[in-house]
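**Q** Under my numbering, the first residue of the sequence shown is numbered 383, with each subsequent residue one higher.
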Amino acid sequence: MLFQFGSGLMSLKFRVLGSIVLLLVLSLLAGATLLSLHARTLVDLEVHTAFDGAQQSVRDTLRSDVEHTVTLREVVSSFQGQRHVRAALVNEAGRVIVQSEIGRLADPAPAWFARIIAPQALTTRIPIALPGYPCVLVLTSDPRSEIAEVWGHVRDAFLIMLLFCASTMAVVSLAVGTGLRFLGRFQAGLQAISGSRYDTRLEAKGPPEFIRLAQGFNHMASQLSHFSRSNRQLYAQLQSAQEEERGEIARDLHDEVGPYLFALQVDAKAITQMGTPEAARLGTSVREAVMHIQQHVRDILRQLRPVTQLEFGLEAAVADLAAFWSRRNPQIRFELDIRLAVAPGRRQEEAAYRIVQESISNAVRHGRPDLIRVLIQSDAERLVLTVEDNGGGIQGGPDDNISLGQAGIAGMRERVLALKGELDIVSVPDRGVRLSATFPLARTLEPA
383 MLFQFGSGLM SLKFRVLGSI VLLLVLSLLA GATLLSLHAR TLVDLEVHTA
433 FDGAQQSVRD TLRSDVEHTV TLREVVSSFQ GQRHVRAALV NEAGRVIVQS
483 EIGRLADPAP AWFARIIAPQ ALTTRIPIAL PGYPCVLVLT SDPRSEIAEV
533 WGHVRDAFLI MLLFCASTMA VVSLAVGTGL RFLGRFQAGL QAISGSRYDT
583 RLEAKGPPEF IRLAQGFNHM ASQLSHFSRS NRQLYAQLQS AQEEERGEIA
633 RDLHDEVGPY LFALQVDAKA ITQMGTPEAA RLGTSVREAV MHIQQHVRDI
683 LRQLRPVTQL EFGLEAAVAD LAAFWSRRNP QIRFELDIRL AVAPGRRQEE
733 AAYRIVQESI SNAVRHGRPD LIRVLIQSDA ERLVLTVEDN GGGIQGGPDD
783 NISLGQAGIA GMRERVLALK GELDIVSVPD RGVRLSATFP LARTLEPA
């Protein structure tokens, strides 16, 4: 997981683990501070208690008569090896006659720790008036032994806290990682659903909360799959009804309008044969008007009945469509590249033809291009078609046009989704539109 420096955002895992690490570090610092304060209190208490006891013991000893320095040497020697107090016998010239040392430290505390918790040094001077040999007994506190003992306890306690924090961090990291992996799978599942892959399912395992989420996701995907299948069936029925209606309209035009136009041609021919110049002129004018109407009717029939054209193949139908628009817009150049290694199914051919038809119509009417390219290819698994032009593009984007009532793009999307395909439209203002559609071949589709 990475941090997005550009946007100032960081990953959820980094945030969670970073927050926990910060809390644990603060806990360690607080624990170390409390341990140090407690250790200093203990050291100070122990040293004061030992020093007061040593001072009282020396004064009790000196209450008896002391006749010479030998007895005083014994008093000083009694402090040899003690843990908290050192004694020294000093003559009137300030020279140390004899002094004691604390016991040897097996594991002394670090200097920095000793500086932190060392209490204030305690010193007392007890004057002794020996006949002809005055001297002073000096008692000095020495906390090194107590600090070394406390250091061992503090170090062990801090190591235990550190081990606890590391264990906690490992457990939390594992839990967060598990949760985020599930969220990653959940996100990937949602993206798949948004791409109309409704057969996506999540494995229901892990904590009960994750199992319930996975079960809810799977139920949602199952319902969406059912609705999508129903919509495809309804759309297929709608397409079939539309084709039937187109066919009926085409038949009506052919059967009803055609005979009347033929009759008008016969009448116009008869008028031209009446022998007068005016009759000839009127007859010729009527015949030309009828022929113009017949041509428009044929064009309408061609638009209404592409099935007839598809009987000669998709390539021929698209070529005829390009020729139709080229005759009316000679300034537009059409480039066709149709390579069908595998013949597509009837439904794919009809959908491809309608999409090419709608794309060229939109380009000519709205984009004013001078070049339109049509690329159609197929292999063993899919049919891919691309229509692109160099016109003005879709102003405001395809979705804005749909919202304004231009349902042509919506119709193309419905055709593609009905065949479990994908549609992609890229529009660059003043540079044209590129439409790409992909259909799985008929044998790879599940029954509608």
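Glycine included, C-beta positions come from ideal geometry on N, C-alpha and C.
Does DSSP classify Ile653 as helix, strand or coil?
**A** helix
**Q** Roughly how many angstroms lie between the CA atoms of Leu544 and Leu411, to the nearest whole one?
**A** 10 angstroms
**Q** Evaluate Leu427 with the Cβ neighbour count: other Cβ atoms within 10 Å of its Cβ, from every protein chain shown; 16 or more gives buried, anything less gives exposed.
**A** Residue environment for Leu427: exposed (fewer than 16 other C-beta atoms within 10 angstroms of its C-beta).
**Q** Starting from Ser809 and walking both ways along the beta strand (DSSP E), at which residues does that stretch end?
**A** Unbroken beta strand (DSSP E) run through Ser809: 804-810.
**Q** Would you mind stating whether Asp524 and Val478 have Cβ atoms separated by less than 9 angstroms?
**A** no
**Q** Can you look up Gly485 in the DSSP assignment and give me helix, strand or coil?
**A** In the three-state reduction of the DSSP assignment, Gly485 falls in the coil class.
**Q** In the structure shown, what three-state DSSP assignment does Leu444 receive?
**A** helix
**Q** By Cβ distance below 7 angstroms, which residues in the same chain neighbour Leu786 in space, the five residues on each side in sequence not counted?
**A** Unreliable placement is indicated for Leu786, whose pLDDT of 33 sits below 50; no coordinate value is reported for it.
**Q** Would you mind stating whether Val668 and Leu635 have Cβ atoms separated by less than 9 angstroms?
**A** no
**Q** With C-beta atoms as the reference, is Leu504 less than 9 angstroms away from Phe396?
**A** no
**Q** Mapping the DSSP letters down to three states, classify Asn600 as helix, strand or coil.
**A** helix
**Q** DSSP beta-bridge partners for Asn473?
**A** As a beta-bridge residue in DSSP terms, Asn473 pairs with Cys517.
**Q** What is the C-beta distance between Ile499 and Ala421, in whole angstroms, given that I count them as a contact (C-beta under 8 angstroms)?
**A** Rounded to the nearest angstrom, the Cβ distance from Ile499 to Ala421 is 5 angstroms, consistent with a contact under 8 angstroms.
**Q** Could you give the residue range of the alpha helix (DSSP H) that holds Ala799?
**A** Correcting the residue identity first, residue 799 is Leu in this sequence and not Ala. Counting along the chain, the alpha helix (DSSP H) containing Leu799 begins and ends at 790-800.
**Q** In whole angstroms, what is the alpha-carbon distance linking Ile475 and Phe540?
**A** Strictly speaking, residue 475 in this sequence is Ala, with Ile absent from that position. Cα to Cα, Ala475 sits roughly 49 angstroms from Phe540.
**Q** Using the beta-carbon count (16 or more within 10 Å), is Arg663 buried or exposed?
**A** exposed
**Q** What's the C-alpha gap between Asp538 and Leu572?
**A** 50 angstroms
**Q** Output yes or no for whether 9 angstroms exceeds the beta carbon distance between Val831 and Arg797.
**A** Since the first and last residues shown for the chain are 383 and 830, residue 831 lies out of range.
**Q** So what does DSSP say about Glu717, is it helix, strand or coil?
**A** strand
**Q** Is the CB-CB distance between Ala436 and Gln464 below 9 angstroms?
**A** yes
**Q** In chain order, what residues of the same chain have a beta carbon less than 8 angstroms from the beta carbon of Ile714, not counting five sequence neighbours either side?
**A** Trp707, Ser708, Val746, Pro751, Asp752, Leu753, Ile754
**Q** Please classify Arg633 as buried or exposed, where buried requires at least 16 neighbouring CB atoms within 10 angstroms.
**A** The residue is exposed, with fewer than 16 neighbouring Cβ atoms inside 10 Å.
**Q** For the beta strand (DSSP E) that contains Gln759, what are its first and last residues?
**A** 753-760
**Q** Between the Cα of Val532 and the Cα atoms of Gln569, Ala491, Gln502, which residue gives the shortest distance?
**A** Ala491
**Q** Would you report the Cα separation of Val398 and Gly534, rounded to the nearest angstrom?
**A** 34 angstroms
**Q** Kindly identify the DSSP beta-bridge partner or partners of Thr666.
**A** According to DSSP, which records beta bridges pairwise, Thr666 is partnered with nothing at all.
**Q** Does the Cβ-Cβ distance between Val457 and Val440 come in under 9 angstroms?
**A** yes
**Q** So who's on the other strand from Leu722, going by DSSP bridges?
**A** Ser760
**Q** For Ala511, which of helix, strand or coil comes out of DSSP?
**A** coil
**Q** Along the alpha helix (DSSP H) that carries Ser527, what are the first and last residues, could you check?
**A** 526-576
**Q** If contacts are defined as beta-carbon pairs under 8 angstroms, then Leu823 and Leu562 qualify, I think. What distance do you get, rounded to the angstrom?
**A** Contact flag wrong, Cβ pair sits at about 39 angstroms.
**Q** Let's test the definition: count the other Cβ atoms within 10 Å of the Cβ of Phe644 and tell me whether it reaches 16, buried, or not, exposed.
**A** exposed
**Q** Hey, could you find the ends of the alpha helix (DSSP H) Ala704 is sitting in?
**A** 696-710
**Q** Expressed to the nearest angstrom, what Euclidean distance is found between the alpha-carbon atoms of Ile720 and Ala698?
**A** 10 angstroms
**Q** In whole angstroms, what is the alpha-carbon distance linking Met794 and Phe592?
**A** 39 angstroms
**Q** Could you tell me the alpha carbon to alpha carbon distance between Arg583 and Phe564, rounded to whole angstroms?
**A** Looking at the backbone, the Cα of Arg583 and that of Phe564 are separated by about 13 angstroms.
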